[in-house]
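In what follows, a structure is listed as structure tokens, so that the remarks can point back to it.
Chains as they are written, first to last, in our numbering: chain A, 66 to 301; chain B, 66 to 301.
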């Protein structure tokens with residue numbers, strides 16, 4: 066199944082890397098069948114009508130119904146100080162299926178290096194590639210939020226959680242607290258965790274504390290496992 | 066909590082990288098408290114009695130009881146063609162907690178590059194570092210098995226699974242099939258999956274087919290998520 070991305074799928078043209086991949090890597094020809102998604106839940110079956118490295122044209126044959134998740138999954142994360150760990154997180158959450166990946170400016174992140182460790186174009190490319198590789202039709206919306214307080218205040222999900230464990234207080238695991246079918250947001254602290262003020266603010270705004278297991282997880286591992294736990298909670 | 070590794074913890078000496086880390090990176094001194102694990106489930110509280118870059122000596126003050134998992138978790142995987150994806154898999158499964166990581170020679174792996182993509186010393190270092198980072202006291206046993214058939218025949222776990230989905234037959238998710246508290250083994254295919262003969266063999270030997278979710282996961286993602294699902298199955 067050759068899956069391509071065209072944000073305006075009705076335009077019936079592939080450009081840039083998508084066109085090159087079609088013409089030069091896969092060496093498809095006129096008449097070959099492809100699948101095209103707009104990354105927003107739509108999938109089309111199409112036939113190639115022109116194959117050039119710079120521009121590929123296709124004719125939509127059929128719109129394919131893809132069952133959408135009933136719940137939206139949003140992950141909000143204090144980025145790590147290593148670009149590759151942030152990128153890995155985006156790849157893996159996209160593979161699992163996620164609607165929004167929101168990076169947050171928190172007290173304990175390294176503000177000066179944020180441009181180096183979060184490159185928006187690279188993250189978009191990684192998410193696009195992971196979406197296609199895992200044969201999905203929803204590309205997560207990736208964003209960066211500079212005002213933690215404003216961000217939290219704007220979260221309207223029914224299921225709002227913060228991964229937060231103390232030596233004396235271990236809340237129930239996320240997988241047991243997620244309500245099936247409800248839009249879910251999970252906050253994951255950066256290396257060095259949220260500050261006490263940030264945790265207090267989240268709790269005061271209705272975020273429920275959750276644990277993510279018995280071992281201490283790195284930020285990027287915590288984010289991916291939390292996303293996985295939200296998926297598994299729908300099954301059990 | 067400064068956690069160090071000494072496979073014979075009763076020897077009361079740190080060597081090599083562990084000694085250097087203690088003396089040069091953390092700059093600990095005589096009388097400072099450290100924790101030492103043998104990577105086989107034992108944890109000791111100790112006091113430093115000599116701190117040199119080449120050799121650190123300590124006195125064990127106390128043996129700490131660490132509750133062991135009641136079930137052993139073994140993951141058996143057809144390695145990917147990229148060293149960093151195999152290494153990432155080892156890091157993440159170790160963070161979650163795993164007893165054995167077994168790489169398998171299967172039909173569809175790239176046999177010639179196996180030494181390049183699975184470097185035993187690097188994998189050991191990564192597992193050790195992930196064990197300490199996640200504050201655990203069990204380092205997984207990592208091995209490579211050249212005879213797939215012999216390997217499968219030797220698997221005596223009660224819970225033996227193979228991640229295997231066809232277009233027409235989607236078995237129940239692993240998280241719903243794992244029996245709590247039982248030793249569990251999950252087989253994960255390489256890029257290009259197991260061959261039909263390999264799948265048939267596993268099924269004939271009592272491995273139960275499981276799915277790992279609705280999206281198509283890369284080998285390394287499948288392995289880590291399967292390991293996570295076995296953990297979560299203990300909670301629900």
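Don't be surprised by glycine CBs; every beta carbon is placed ideally from N, CA and C. Computed from a predicted structure; not experimentally measured.
Minimum C-alpha distance to residue i - residue among the options
i                      : options                       : result
residue 258 of chain A : A/174, A/98 and A/109         : A/174
residue 152 of chain B : B/301, B/285 and B/296        : B/285
residue 120 of chain A : A/157, A/79 and A/242         : A/79
residue 144 of chain B : B/264, B/252, B/296 and B/267 : B/252
residue 166 of chain B : B/108, B/249 and B/260        : B/249
residue 287 of chain A : B/105, B/283 and B/293        : B/293
residue 133 of chain B : B/77, B/68, B/85 and B/204    : B/204
residue 189 of chain A : A/201, A/208, A/199 and A/222 : A/208
residue 224 of chain B : B/236, B/139, B/68 and B/106  : B/139
residue 102 of chain A : A/216, A/111 and A/95         : A/111
residue 97 of chain A  : A/113, A/106 and A/185        : A/113
residue 201 of chain B : B/184, B/179, B/129 and B/272 : B/129
residue 87 of chain B  : B/127, B/115, B/106 and B/256 : B/115
residue 148 of chain A : A/291, A/183 and A/301        : A/183
residue 82 of chain A  : A/95, A/68 and A/199          : A/68
residue 135 of chain B : B/241, B/164 and B/275        : B/164
Beta carbon proximity, residue i to chain A, threshold 8 Å
i                      : result
residue 294 of chain B : yes
residue 190 of chain B : no
residue 283 of chain B : yes
Chain-ordered neighbours of residue i on chain B, where CB pairs are closer than 9 Å
i                      : result
residue 240 of chain A : 240, 297, 300 and 301
Under the three-state DSSP convention, the category residue i falls into
i                      : result
residue 117 of chain B : coil
residue 261 of chain A : helix
residue 67 of chain A  : coil
residue 78 of chain A  : strand
residue 6 of chain A   : Residue 6 of chain A is absent from the structure shown; chain A starts at 66 and stops at 301.
residue 298 of chain B : helix
residue 172 of chain B : coil
residue 133 of chain B : coil
residue 230 of chain B : coil
residue 145 of chain B : coil
residue 243 of chain B : coil
residue 90 of chain B  : helix
residue 157 of chain A : helix
residue 206 of chain B : strand
residue 72 of chain B  : coil
residue 185 of chain B : helix
residue 289 of chain A : helix
residue 249 of chain B : strand
residue 105 of chain B : strand
residue 42 of chain B  : Because chain B is modelled from 66 through 301, residue 42 of chain B falls outside the range shown and cannot be assessed.
residue 277 of chain A : coil
residue 197 of chain B : helix
Cutoff 8 Å: residue i Cβ touching any chain B Cβ
i                      : result
residue 286 of chain A : yes
residue 140 of chain A : no
Chain A contact residues for residue i, given Cβ-Cβ distances below 8 Å
i                      : result
residue 280 of chain B : 160, 161, 162, 199, 200 and 201
Residue i classed as buried or exposed, judged by whether at least 16 other C-beta atoms fall within 10 angstroms
i                      : result
residue 181 of chain B : exposed
residue 176 of chain B : exposed
residue 66 of chain B  : exposed
residue 233 of chain B : exposed
residue 125 of chain B : exposed
residue 195 of chain A : buried
residue 267 of chain A : buried
residue 243 of chain B : buried
residue 142 of chain B : buried
residue 71 of chain A  : buried
residue 295 of chain A : buried
residue 254 of chain B : buried
residue 278 of chain B : buried
residue 104 of chain A : buried
residue 211 of chain B : exposed
residue 159 of chain B : buried
residue 118 of chain B : exposed
residue 90 of chain A  : exposed
residue 246 of chain A : exposed
Item to complete: For the stretch 154 to 175 of chain A, enumerate the residues whose C-beta is nearer than 7 Å to any C-beta of chain E, in chain order.
Response: Considering every chain present, this structure includes no chain E. Its protein chains are A and B.
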